[in-house]
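A.B. asks:
Residue numbers (the numbering used here), protein chains in the order written: chain A, 1 to 114; chain B, 1 to 110.
#1: May I have a chain-ordered list of the beta strand (DSSP E) segments no shorter than 3 residues that lie completely inside the region 16 to 94 of chain A?
#2: Using Cβ-Cβ distances below 7 Å, what residues of the region 60 to 79 of chain B are close to chain A?
#3: If you follow the beta strand (DSSP E) that residue 83 (chain B) is part of, which residue opens it and which one closes it?
#4: Taking CB distances under 9 Å as the criterion, tell me whether residue 41 (chain B) reaches chain A.
#5: With distances taken between CB atoms, is the gap from residue 75 (chain A) to residue 60 (chain A) smaller than 9 Å?
#6: Chain B partners of residue 109 (chain A), CB-CB under 9 Å?
#7: DSSP on residue 27 (chain B), reduced to helix/strand/coil?
#8: I need the straight-line Cα distance from residue 98 (chain A) to residue 24 (chain A), nearest angstrom please.
#9: Using a Cβ-Cβ cut-off of 8 Å (strictly less than) and excluding sequence neighbours within five positions of residue 37 (chain A), which residues of its own chain qualify?
#10: Restricting to Cα atoms, I'd like to know which of A:19, A:34 and A:20 is closest to residue 94 (chain A).
#11: What are the start and end residues of the beta strand (DSSP E) that includes residue 6 (chain A)?
#12: Mind pulling the chain B residues with CB within less than 9 Å of residue 106 (chain A)?
#13: State the Cα-Cα distance for the pair residue 16 (chain B) and residue 80 (chain B), rounded to the nearest angstrom.
#14: Is there at least one non-hydrogen atom of the ligand MN closer than 8 Å to the beta-carbon of residue 39 (chain B)?
#15: Report the residues of the region 19 to 42 of chain A with a CB closer than 8 Å to any CB of chain B, ordered along the chain.
#16: Just checking my contact of residue 4 (chain A) with residue 73 (chain A) at CB under 8 Å: how many whole Å lie between their CB atoms?
#17: So what's residue 3 (chain B) in DSSP terms, helix, strand or just coil?
#18: So, for residue 78 (chain B): in the same chain, excluding its five sequence neighbours on each side, which residues have a beta-carbon less than 6 Å away from its beta-carbon?
#19: Could you check what DSSP says for residue 70 (chain B) in three-state terms: helix, strand or coil?
#20: Considering only residues of the same chain and omitting the five flanking positions on each side of residue 60 (chain B), which have a CB-CB separation below 6 Å?
#21: Going by the beta-carbon positions, is the gap between residue 31 (chain A) and residue 84 (chain A) smaller than 9 Å?
#22: Does chain A have any CB closer than 9 Å to the CB of residue 20 (chain B)?
#23: With a threshold of 9 Å between beta-carbons, can residue 58 (chain B) be considered close to chain A, or not?
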């Protein structure tokens, strides 16, 4: 139990579908992150939110749309995805988006695009 | 460009020691270390700030040499529970994003 909960754990969708990934943290943190983890590749930062404001977009395609309604919840809305988007999507949180703060990760959502 | 980790994989017998290295082509402000077991979330181990410090976490310790732009993770008297993939993450300057290496897969056998 890391204090960061992601749902669903697994998701299979077609390229024309629209779905959303959800992340909730119970740690009282103010910063939240989305990462993409593909096989044989490093963890790749996608988005950073600090106090509900987006502070980082790592050149992510617009078919991925993040939403942070409050400091405890983070969503990743998906539409018109491509097969290469199949990966493990990890959510993380930290006290603030400071370089000295450890990040706490959820177990991830395994996404498969048909 | 992400930090480079070596080795890519290592297999140990229980009780043996290992060293995992993390090198950066860019100046380092801090280095983070995480461990991820198969099918689980990455778990934070430690953060090292510039200054050549060494930190410890149980029998796992790490050093940070900012002149050489590298960090090393030391696992002593390894236990079965140490198995997993170890990632280093680099922060170039204060406030910049965390960039992870490709990971080192550690397997500890009985």
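Heads up, the beta-carbon is just placed ideally off N, CA and C, and yes, glycines get one too. Fair warning: this is a prediction, and the values are worked out from it, not measured in the lab.
C.D. replies: With the structure as the only source:
#1: 18 to 25, 31 to 37, 44 to 50, 53 to 57, 64 to 70, 73 to 79 and 87 to 94
#2: none
#3: Careful: residue 83 (chain B) lies outside any beta strand (DSSP E) and carries neither H nor E.
#4: yes
#5: no
#6: Within 9 Å Cβ-Cβ: nothing; residue 109 (chain A) doesn't reach chain B, min ~12 Å.
#7: coil
#8: 20 Å
#9: 43, 44, 87, 88, 89, 90 and 108
#10: A:34
#11: 4 to 7
#12: 41
#13: 11 Å
#14: This structure does not include the ligand MN; it has no bound ligands of any sort.
#15: 40, 41 and 42
#16: Going by Cβ atoms, the distance from residue 4 (chain A) to residue 73 (chain A) rounds to 11 Å, so no, they are not a contact pair.
#17: coil
#18: 12, 16 and 108
#19: strand
#20: 75
#21: no
#22: no
#23: no
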